[in-house]
Amino acid sequence: MLKSKFFLALFMAVSLIIPTQALAANKNSVKTPVVTQTTSTQNSTWLWDTQQIVSNSDTILNFAATNNVKNIYLQVNYSLKLDYYKNFIRKAAAKSISVQALHGAPDWASDNGAYKQQQLFDWLTKYQSSALINEKFNGVHLDVEPYLNTQYNQNMNGVIVNYQGLLLDAVSKTNALGIKLAVDVPFWFDGVTYNTKYGTGNLAEWIIKNVKNVVIMAYRDTAAGTNGIISVVSKELRLGKLYGTKVTVGVETQKSSEGDFISFYEEGRACMNQELNKVYISYSGNSSFDGFAIHHVMSWMVLRK
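With mature numbering (1 follows the signal peptide of the UniProt record, and there is no 0) applied, the sequence shown corresponds to residues -24 to -1, 1 to 281, in that order.
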């Protein structure tokens, strides 16, 4: 009888230990999830090399679809046959991916540079009129970066007023075409003050007030900290909510000569996804937040896992 009681007690003790160990193991596994893709509702990316839509379109679009890309900013190349654009956009549409016409350069913000933007819209108007509905660009994506203009340091307000004029002209022209306009903006524009014929104020605020889709180039490789992504886009997302503007957070994947804190080139894809999930958690409740833009698709595709 004593022996039976001993084995019964031993059985009960083992029964209690095993589930406790299993629970502890499960608890530990929750602490370190493997992040394979950002939680963002959508991603976007830049495609600068137009030769890729001639010879590599399926590979790029398959990668984009797999990585939750909903927008591709595709460089405009005036010398490329329109049929290549039509074919690429048609294939993208079949995967529920929109394509925006990407163009711009610092010299567009020079005193005599506005004609270059006019060339873009002349080309785009011709293209849109010749394309079927599923071959059309759904927007224009401007990457002017006026701070790289040769006159910026000597005549900042002169370059900025030209830039402001370009953006207002682009707003008018995209509205006439029935498509949207998006603009690349460095995160530090929230520290730039302008004094032009358009008034005086904060340049980032002026852009976000006047252009309803912006991509903030928040080129940092960590989410947290005073110099992290969450911090450097905080003002832009507040302004976006104030003015009803969609704000996409842009990050870098190609190697940078500006320091190892700029790009996820060194850290790789898994680290990038983990950091972007932190940003997503911080801003997913902000109606202005419009996902992430990964610069650029060719470097993203070869980014180590």
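Where a beta carbon is used, it is the ideal one built from N, C-alpha and C, also for glycine.
By the beta-carbon neighbour count (other beta carbons within 10 angstroms, threshold 16), THR172 is buried. If you look at THR176, you'll find it in the beta strand (DSSP E) that goes 175 to 178. Counted as a single uninterrupted DSSP element, the beta strand (DSSP E) harbouring LYS46 occupies residues 45 to 51. By the criterion of a C-beta distance shorter than 8 Å, GLU212 is surrounded in its chain by VAL161, PHE163, ASP166, ALA180, ILE184, VAL190, ILE192 and VAL223, once the five residues flanking it on both sides are discounted. The stretch 18 to 38 and the stretch 56 to 72 touch, with no fewer than 3 CB-CB distances between them shorter than 8 Å. Under the 8 Å Cβ criterion, the stretch 235 to 246 does not count as touching the stretch 255 to 263, having fewer than three qualifying pairs. VAL120 and LYS281 have their C-alpha atoms spaced approximately 32 Å apart. Considered as a whole, the stretch 32 to 97 harbours 33 to 42 and 58 to 70 as its complete alpha helix (DSSP H) runs of no fewer than 4 residues, in chain order.
Residue burial annotation: VAL278 is exposed, with fewer than 16 other C-beta atoms found within 10 angstroms of its C-beta. DSSP places THR150 inside the alpha helix (DSSP H), whose first and last residues are 132 to 153.
Taken in chain order, the complete alpha helix (DSSP H) segments of 4 or more residues contained in the stretch 166 to 221 are 179 to 186, 205 to 208 and 210 to 219. Taking all protein chains in view, the Cβ of TYR91 is surrounded by fewer than 16 other Cβ atoms within 10 Å, so the residue is classified as exposed.
Taking 8 Å as the cut-off, the Cβ atoms of GLN18 and GLY267 count as close.
The beta carbon of PHE265 sits closer than 7 Å to those of LEU213, VAL223 and TYR259, all from its chain and outside the five residues before and after it, given in chain order.
The beta carbons of GLU111 and ILE65 sit closer together than 8 Å.
LYS254: member of the alpha helix (DSSP H) spanning 245 to 259, first to last residue.
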